[in-house]
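Student:
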Amino acid sequence: MSFYDSQLNSTHLLRFIYDRLKTFITIGVGAAVLSSSVALIMEEQFKSTVVMFATPQHSIGEQFYEEIKRNDLLEYGETEDAERLLQILNSDRIRNRIIQKYDLWMHYDIDKGQSGAQALLGKEYNSNVDARLTRYGSIEVSVMDREPQRAADMANDIAFFADSVANQLRNDRAREALGYAKSSLEQVQQEITTMEDDLGQLYGLGVYDFATQIEGLNEQYATAIAKGLPGNAEKIRKQMSEISNYANQFNKLSNLIEAAYEREAILKKRFELMKLDAETQMPSAFVVDYAAPADKKSKPIRWLIVVMGVASTLMFALLALLAAENLKDSSSA
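Quick note on numbering: the sequence shown equals residues 722 to 1054 in this note's numbering.
1) How about Y857 and L842: do their beta carbons lie closer than 8 Å?
2) What residue does the alpha helix (DSSP H) around A840 start on, and which one ends it?
3) Have a look at R805 and E1000 and give me their C-alpha separation to the nearest angstrom.
4) Take the Cβ of L735 as the centre, count every other Cβ of all protein chains shown within 10 Å, and call the residue buried at 16 or more, exposed below.
5) With the cut-off set at 8 Å, would you say T1034 and I746 are in Cβ contact?
6) Is F992 near the ligand HEM, with its Cβ less than 7 Å from a heavy atom?
7) For V772, which option in Y1011, A753, E912, A803 has the closest C-alpha, if you only look at C-alpha atoms?
8) How would you call N849, buried or exposed, if buried means at least 16 neighbouring beta carbons within 10 angstroms?
9) Assess, as a yes-or-no matter, whether the stretch 808–820 is touched by the stretch 877–886 under the definition of 3 or more beta carbon pairs within less than 8 Å.
10) Does the Cβ of K768 have 16 or more other Cβ atoms within 10 Å, making it buried, or fewer, making it exposed?
11) What number of angstroms, rounded off, separates the C-alpha of A803 from the C-alpha of S859?
12) Any idea what DSSP makes of K973, helix, strand or coil?
13) Using a threshold of 8 Å, state whether the C-beta atoms of L923 and F971 are closer than that.
14) How would you label I987, buried or exposed, when you count the other beta carbons within 10 angstroms and need 16 or more for buried?
15) Let me check understanding here. Comparing Cα to Cα, which of M827, D874, L810, G834 lies closest to A852?
16) Tell me, which residues are paired with I860 by DSSP?
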C-alpha cells in the first residue's frame, strides 16, 4: 500500500467518524453512564502489606556449643532462604489457619456444601492474598479486603504464622535427630556402666592399675633379692603372677572405657545441641514494616474503569459500523 493510499484511507476513516459523530457521542455517553454505574456498585477493597527479610535457618545449638561458629544467627538470609520462606507463606498450613481464624467461608460468602467449594475458596483467597519476592531481596505479603482492619490483621497474622510453621518444621526435624542422639548416648552409657562393673570386679581382686602395680612390685622384688630375703621375694613374685593373670582383661577394659568416655562427651554435646534446636523458637524473618489499616481504597479505580469502558465501547462501535458499511457497499455493488 502506497503512502497516498494510506493517507486516503485515514482521511476516509476520519470522514466516516465525523459523519456519525452524534452516534459516537451518544454511545460514548451511554458507555460512560453504564461504566460509572458499574464502578459505583463495585465493592471497595483496601490493601495492607507486610515487608520482611528471611533469616538463615542455622542450628541454634551450634551457636552455643561449637567453639568455631560457621554461621551467624543475626545475618540476613540469602535468596534460597527467602524462597524457602515464600513457600511456607504460600503453603496450605498458613492458608488453612487464616481461613479458620477469620472464618473466610462466611466472609467470602461461600457455601461449604456447594460443588467445588474448596477450589472456589482457594481462588478467592489467592486473589486477595499475595506473597512475592522484591528486587531488594525482601518479601512482601499483601492482603486485600473490604475491611481495612481485617486486611492489616490478616497480613500480620500470615507473617506470624510463617514463624510458627517454620519453627514447627525445624523443631520436628531436630526432635527426630534428638531421638537418635538420645538412643546413641544411652547405648554408650550402658556400655560404660557394664565396663565399670567389670573393672569394679578387678578392683576387688586387687588390680587397680596394672602397669603401675607391676612396676612397683618389680622394684620391691629386686629389693628383696638384694637384701637376701627369699621369702619376701617369693611372696612378691606370686603377687605379680596373680596380677598378671588379669593383665589383658584390665588393659582391654581400660582402653575401651577411655574411648567410651570420649564418645560419651561428644554425644552429650550433640544431645544438648539437638535438644536446644528442638525446643527453641527463633524468628524465621525480620519484619521491616508491619501492616497497618489503609486509609485509602486500593480498588476499584473508578475513573480508569470509566475510561476503559468508554474506550472499548467506542472501539467496538467503530468496528461494528465499519463492518456494516462494508456489507452495505458489497450489497449495492
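The C-beta atom is built at its ideal place from N, Cα and C for all residues, glycine as well.
Remember, predicted model here, so these are calculated numbers, not experimental data.
Tutor: In short, the structure shows the following:
1) To locate residue 857, count along the sequence shown from 1; it is residue 136. To locate residue 842, count along the sequence shown from 1; it is residue 121. Their beta carbons are not under 8 Å apart, which means Y857 does not touch L842 by this criterion.
2) The residue given as residue 840 occupies position 119 in the sequence shown. In the DSSP assignment, A840 falls within the unbroken alpha helix (DSSP H) covering 838–849.
3) Position 84 of the sequence shown holds residue 805. Position 279 of the sequence shown holds residue 1000. Using only the alpha carbons, I get a separation of about 21 Å.
4) In the sequence shown, the residue the question calls residue 735 occupies position 14. Of the residues assessed, L735 falls on the exposed side of the cut-off, its CB having fewer than 16 other CB atoms within 10 angstroms.
5) Along the sequence shown, one-based indexing puts residue 1034 at 313. Along the sequence shown, one-based indexing puts residue 746 at 25. With contacts defined as CB atoms closer than 8 Å, T1034 and I746 fail to qualify as a contacting pair.
6) The ligand HEM is absent from the structure shown, which contains no ligands of any kind.
7) Stepping through the sequence shown from its first residue, residue 772 is reached at position 51. Taking only the C-alpha atoms, the option nearest V772 is Y1011.
8) Numbered from its first residue, the sequence shown carries residue 849 at position 128. Of the other Cβ atoms in all chains shown, 16 or more fall within 10 Å of the Cβ of N849; this residue is therefore buried.
9) By the C-beta criterion, the stretch 877–886 is judged to be in contact with the stretch 808–820, since at least 3 inter-stretch pairs fall below 8 Å.
10) One-based indexing of the sequence shown puts residue 768 at position 47. Around the beta carbon of K768, a 10 Å sphere encloses 16 or more other beta carbons of the protein chains shown; the residue is thus reported as buried.
11) Position 82 of the sequence shown holds residue 803. Position 138 of the sequence shown holds residue 859. Annotation: A803 to S859 spans about 7 Å, alpha carbon to alpha carbon.
12) On the sequence shown, position 252 is the one that residue 973 refers to. Looking at K973 - three-state DSSP - the assignment turns out to be helix.
13) If you number the sequence shown from 1, residue 923 lands on position 202. If you number the sequence shown from 1, residue 971 lands on position 250. With a cutoff of 8 Å on beta-carbon distance, L923 and F971 are scored as near each other.
14) Counting from 1 along the sequence shown, the entry for residue 987 is found at position 266. Exposed, by the Cβ-count rule.
15) Numbered from 1 along the sequence shown, position 131 holds the residue referred to as residue 852. Taking only the C-alpha atoms, the option nearest A852 is L810.
16) Walking along the sequence shown from the start, residue 860 turns up at place 139. Bridge partners of I860: M773, L854.
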